[in-house]
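Colleague:
2 protein chains.
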Amino acid sequence: MTLHPTDHAGLEILPFADCLRLLDSVPVGRVGFFADGEIVILPVNYLADGQNVIFRTGAGSKLSSIGSRNLVGFEADDYDVGTHSGWSVVISGFTEVVESEEEIRRLNDLGLRAWARPEEEVPTWIRIRPTSVTGRRTPGSAFGG
Amino acid sequence: MTLHPTDHAGLEILPFADCLRLLDSVPVGRVGFFADGEIVILPVNYLADGQNVIFRTGAGSKLSSIGSRNLVGFEADDYDVGTHSGWSVVISGFTEVVESEEEIRRLNDLGLRAWARPEEEVPTWIRIRPTSVTGRRTPGSAFGG
């Protein structure tokens with residue numbers, strides 16, 4: 297267990313490398329964006345791809361209208377109710393629809409599968425290019441360590 | 297297990313009563329809001345209080361500047377990696393800082409404790425008044441049932 301500096305709330309401030317490692321450790325995150333005058337947060341199956349987050353969206357989803365160069369938030373976390381411990385990684389950034397066929401083939405091969413969507417559907421890949429990545433963890437916890 | 301109608305992605309559309317019950321079943325949700333030109337999503341310990349969501353925020357937090365009548369999104373979920381099943385409840389709404397002393401006493405007595413914040417700090421209670429509440433669940437799953 298490494299101890300890091302803490303913020304105003306007593307949460308450990310995680311180094312960037314830890315954030316990337318933790319992002320890679322859970323399959324579900326949440327994307328927040330503006331739609332129809334509301335802030336909408338939706339869970340997505342995602343992958344950490346280098347320093348970016350990628351996820352799939354299908355026709356008919358509110359997320360499918362998000363397009364490129366849109367402001368988004370992203371969050372992933374994990375916690376243990378019994379010990380009141382956990383971590384979160386919070387990203388702000390912009391979306392980018394993946395258009396390169398070579399890149400789409402590469403992403404298709406990474407093994408990310410939607411849990412509900414019919415497999416025959418052709419998904420659109422969205423990449424989040426972060427403008428900030430921050431991570432926090434409950435103090436003195438080995439959780440996510 | 298009850299089967300509900302499904303959406304474009306094959307996810308079961310949950311009735312409002314199920315959404316409220318599921319909101320009550322997990323201790324951590326995520327609040328999404330605008331701050332400094334970014335969409336920020338932060339995890340919070342919360343309680344479902346009737347048809348509203350309430351959480352605490354302390355001085356120095358990005359959330360503490362949110363105030364009343366601000367547009368927010370809220371999301372809670374739970375999932376099982378092994379069976380690729382899970383549910384989510386998604387709320388859009390507006391914030392309201394709880395100012396009534398009687399109401400603050402009632403909320404203090406509900407037993408919600410921050411996992412990291414020092415207990416001596418006096419928190420501010422924020423209520424989310426929903427304008428929409430929607431729930432989804434992976435199909436054919438007893439998870440969250």
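Those sequence lines, one after another, are chains E and X. Under this note's numbering, think of the first position of the first sequence as 297, with each following residue one higher. Under this note's numbering, think of the first position of the second sequence as 297, with each following residue one higher. Glycine included, C-beta positions come from ideal geometry on N, C-alpha and C.
Near Ala331 of chain X, what residues of its chain come up, given a Cβ to Cβ distance below 6 Å and the 5 sequence neighbours on each side ignored?
Modeller: Hits under 6 Å: Lys358.
Colleague: Do the segment 422 to 430 of chain E and the segment 301 to 318 of chain X touch if we need at least three Cβ pairs shorter than 8 Å?
Modeller: No, they do not touch.
Colleague: What's the gap between the Cα of Trp307 of chain E and the Cα of Val418 of chain E?
Modeller: According to the sequence shown, residue 307 of chain E is Leu rather than Trp. Leu307 of chain E and Val418 of chain E: Cα-Cα distance of roughly 41 Å.
Colleague: Could you tell me the alpha carbon to alpha carbon distance between Ser321 of chain X and Ala372 of chain X, rounded to whole angstroms?
Modeller: Cα-Cα distance, rounded: 10 Å.
Colleague: Just the Cα atoms here: how many angstroms apart are Thr420 of chain X and Trp411 of chain X?
Modeller: Between Thr420 of chain X and Trp411 of chain X, the C-alpha separation is close to 15 Å.
Colleague: At the level of alpha carbons, what is the spacing between Pro323 of chain X and Val377 of chain E?
Modeller: In a straight line, the C-alpha of Pro323 of chain X is about 8 Å away from that of Val377 of chain E.
Colleague: Return yes when the Cβ of Val349 of chain E is within less than 8 Å of the Cβ of Phe370 of chain E, no when it is not.
Modeller: Taking 8 Å as the Cβ cut-off, Phe370 of chain E and Val349 of chain E qualify as a contacting pair.
Colleague: Use the C-beta contact count for Glu334 of chain E: other C-beta atoms within 10 angstroms, 16 or more gives buried, fewer gives exposed.
Modeller: With 16 or more Cβ atoms within 10 Å of its Cβ, Glu334 of chain E is classed as buried.
Colleague: Check Ala410 of chain X in the structure and name its three-state DSSP category.
Modeller: Of the three classes helix, strand and coil, the one that applies to Ala410 of chain X here is coil, per DSSP.
Colleague: Is any beta-carbon of chain X found at less than 8 Å from that of Tyr342 of chain E?
Modeller: Chain X contact via Cβ: absent.
Colleague: Would DSSP call Asp314 of chain E helix, strand or coil?
Modeller: Three-state DSSP puts Asp314 of chain E in a helix.
Colleague: At 3 residues or longer, what runs of the beta strand (DSSP E) sit wholly inside the segment 355 to 441 of chain E?
Modeller: Listed in chain order, the complete beta strand (DSSP E) runs (minimum 3 residues) inside the segment 355 to 441 of chain E are 367 to 376, 381 to 393, 420 to 433.
Colleague: Is it a yes or a no for the segment 390 to 409 of chain X touching the segment 312 to 320 of chain X, going by three-plus beta-carbon pairs under 8 Å?
Modeller: No, because fewer than three Cβ pairs between the segment 390 to 409 of chain X and the segment 312 to 320 of chain X fall closer than 8 Å, the two stretches do not touch.
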